[in-house]
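A.B. asks: Protein chains in written order, with numbering that gives the first Met the number 0: chain A, 0 to 163; chain B, 0 to 352. What follows is a single structure, and I will ask about it in a moment.
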Amino acid sequence: MNNSLDRILEGIAVSIRHDVIPRLTDEYASGQALAVIDLINNLRPRVDWAVGPLRARISAQKKLLATLDILLTGREGMQRFPENIQSLPLEGKELQELGNRLDDFIGSTIRWLGTEPDSGAAQSAIMDYLHAELRRDMALTPRPLFAEIARGADTAKSDPGRQD
Amino acid sequence: MISIEDPFGEAMVGKRLAHYLSARFERHTTIESVKRFTAGFSWMTYGFVAVYSDADGLQRQRLVLRIGPPTGLFAPYVASHEFTVLQALLGHGVPIPKVFFYSDDSEEFGAPFFISQHMSGVAPLPWIAPGTEAFPSDIRQKLSHQFVQSLAALHNFEWQRTPVRDLAKQVNIDNTAAQQLDFWEKSLRRWQLRVYPVVEQALVWLSANCPVAPKIAIVHGDYRIGNFLVDGEEITAILDWELVHMGDPHEDLAFMSLRAFGGKALDGRFLACHLLTREELYAQYTQATGTTVQVGAIRFYELFNIFKLFVIHVGAIRCFEDGQFTDLRMPAMGAQVPRLLLQLQKSLDEAVA
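Laid out in structure tokens, this is it:
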């Protein structure tokens, strides 16, 4: 996921209150929608991202950095991740932030390797890592409901409202 | 209690339209049936009817207002580019609405805007149920022919002696790919909340492989199913010109060929924009324009266009995260970023191979 969990939950509550409930005409449906807001307000201070996928991501990142360390040691301009990551944080939010900092570092390494000659083995290791990460992410990503969202209905073939 | 009226709500927009069009038409004009369309995350689009009397009696004109809001994905907006291109293109083989008025300042509607003709038809969507086809075969052939001919007319349009030339001042066949890449990379850096290594890998390849364009043409920038209207068996309008710019025609060709906008026919062939195969597209385009499609340029622009789509997703994620929008379609787009990155990775693998 790419938005913060708290912002997603807040956004869901705001959208239901301002964009959904005013359009509902059925009292039971409105009550259900208000109950969703109430539940979200209770969940917000209590929930966090699942730590399993975040730990798996960091484990793969650490493995890649260890491989690159072997392949690139001694090269001028090579950087090492500046943090000690032997022990990992416990909270989902902190794990996510650490994973993002590691991706930031991997991104810098990729840009640096783009200018380095004879870096084929390191490039291959990075490509393997990228493929594995995408497989992991895709396993967590259900089929999108773009058609239904665009049309506001379960079956969608065209949008009669476009004029832009 | 003081209530603050939404400046972009239908009621306020209707009042402003009546004031503005009364002045422009130089006669009292009332506004009816203002309706804001829900599509899009960027420009806000409203349909309305302008009612006024002239020498021929009571007139009712269906029009469309587009406003580029200060909080929109690509803010700050300019209406003049889109207006200039549409005005120049009218009557040159590209089905487009007639444009009437525009402004790049915020005095009249609180943001840049333009007003155009209302066009009939519905916009077919790129997403269809598995095992179905977007169009019956006979209609598909007619629509695909028209869609390719319209693109050819756009790219063959001789803009050099029109006001469009002002949009091409800094662009030439050698720098257009790098300029586009630079624009979208800067947008990425402005919006990104985190780094995606696969995107950095794609940027390294793109930077090192910018093609020379065969010529500089008007590039729509978002030429695909979902951005044209169909009425019966005919495309009545190509819509959504907000990404229009001067550049390499391969950019549009590669964009409409993306897997994200196409699907498989019942016989298993991939149809670009659910209309025609890539081979048919390139052959028909070459015949219509006289420009040979370059495989290397298509490869570059396919990867570039997936990157561009990714950046737009990142923009939506950022706007939602910052609280500029509460539209839940934005984080829903964000949740599908892995799917887009998978396409990026596949395209990169093919490019590197």
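Virtual Cβ for every residue (Gly too), placed ideally from N, Cα, C. Since the model is a prediction, treat every value here as computed from it, not as a measurement.
#1: With C-beta atoms as the reference, is MET43(B) less than 9 Å away from PRO68(B)?
#2: Do we get a CB-CB distance below 9 Å when we pair LEU340(B) with the residues of chain A?
#3: Quick check on LYS34(B): does DSSP put it in helix, strand or coil?
#4: For ASP103(B), which residues from the same chain have a beta carbon less than 7 Å from its beta carbon, with the 5 sequence-adjacent residues on both sides left out?
#5: Among all the DSSP beta bridges, which residues are the ones paired with MET245(B)?
#6: How would you list, in chain order, the residues of chain A whose beta-carbon sits under 9 Å from the beta-carbon of GLU107(B)?
#7: Could you tell me the boundaries of the alpha helix (DSSP H) in which ARG188(B) lies?
#8: Using the beta-carbon count (16 or more within 10 Å), is LEU238(B) buried or exposed?
#9: Can you tell which of TRP190(B), ALA259(B), LEU180(B) has its C-alpha closest to the C-alpha of GLY246(B)?
#10: Look up SER102(B) in the DSSP assignment and give the residues it is bridged to.
#11: Are any of the Cβ atoms in chain B nearer than 9 Å to that of ILE11(A)?
#12: Identify every residue that forms a DSSP beta bridge with GLY92(B).
#13: Within 10 Å of its beta-carbon, does ASN40(A) have 16 or more other beta-carbons around it, so buried, or fewer, so exposed?
#14: Quick check for students: name the residue ranges of the beta strand (DSSP E) that lie wholly in the region 103-168 of chain B, counting only runs of 3 or more.
#15: Report yes or no: do the region 214-227 of chain B and the region 181-189 of chain B share at least 3 C-beta pairs separated by less than 8 Å?
#16: May I have the straight-line CA-CA distance separating VAL310(B) from GLY10(A), to the nearest angstrom?
#17: Check the Cβ-Cβ distances between GLY322(B) and every residue of chain A, and say whether any is below 9 Å.
#18: Report yes if the CB atom of LEU85(B) is closer than 9 Å to the CB atom of MET137(A), and no otherwise.
#19: MET43(B) bridges to which residues according to DSSP?
#20: Hey, is the region 206-215 of chain B in contact with the region 323-330 of chain B, meaning 3+ C-beta pairs nearer than 8 Å?
#21: Alpha carbon to alpha carbon, how far is ALA128(B) from ARG142(A)?
#22: Can you give me, in chain order, the residues of the region 44-67 of chain B that have a beta carbon less than 9 Å from any beta carbon in chain A?
#23: Does the beta carbon of ASP104(B) sit closer than 9 Å to a beta carbon anywhere in chain A?
#24: My assumption, with CB atoms under 8 Å, is that GLU31(B) sits in contact with VAL50(B). Please give the rounded CB distance.
#25: Could you spell out where the beta strand (DSSP E) holding THR276(B) opens and where it closes?
#26: Could you confirm whether any beta carbon from chain A is found closer than 9 Å to the beta carbon of MET0(B)?
#27: Sorted by chain position, which residues of the same chain lie with C-beta nearer than 7 Å to LYS156(A)'s C-beta, five sequence neighbours on each side aside?
#28: Under 9 Å Cβ-Cβ, which residues of chain A neighbour PHE24(B)?
#29: According to the Cβ coordinates, are VAL93(B) and LEU153(B) closer than 9 Å?
#30: Just checking: is the beta-carbon of PRO21(A) within a distance shorter than 9 Å of some beta-carbon in chain B?
C.D. replies: Straight from the coordinates:
#1: yes
#2: Yes, contact with chain A.
#3: Strand.
#4: VAL77, ALA78, SER79, PRO111
#5: ILE217(B)
#6: Residues of chain A passing the Cβ test: none, with the nearest at roughly 19 Å.
#7: 175-190
#8: Classification of LEU238(B): buried, given that the 10 Å Cβ count is 16 or more.
#9: LEU180(B)
#10: PHE112(B)
#11: Chain B contact via Cβ: present.
#12: DSSP, once it has assigned bridges, lists no residue as partnering GLY92(B).
#13: That one is exposed.
#14: 112-116
#15: Contact between the region 214-227 of chain B and the region 181-189 of chain B is not established, with fewer than three Cβ pairs separated by less than 8 Å.
#16: So the two alpha carbons sit approximately 21 Å from each other.
#17: yes
#18: no
#19: ILE66(B)
#20: no
#21: 12 Å
#22: Hits within the stretch, in order: THR44, TYR45, GLY46, VAL63, ARG65.
#23: no
#24: VAL50(B) and GLU31(B) do touch by the CB rule: their CB atoms are close to 6 Å apart, below 8 Å.
#25: Run containing THR276(B): none; DSSP gives neither H nor E here.
#26: Residue placement at MET0(B) cannot be trusted, given a pLDDT of 46 that sits under 50; what the coordinates show is reported in the next sentence. Not closer than 9 Å to any Cβ of chain A, the Cβ of MET0(B) fails to qualify, so no.
#27: Any answer about LYS156(A) is weak, because its pLDDT of 49 lies below 50 and its placement is not dependable; what the coordinates show is given next. Within the same chain, LYS156(A) has no close Cβ partners at all.
#28: Near PHE24(B) there are no residues of chain A at all, since even the closest Cβ is about 21 Å away, more than 9 Å.
#29: Going by C-beta atoms, VAL93(B) is nearer than 9 Å to LEU153(B).
#30: no
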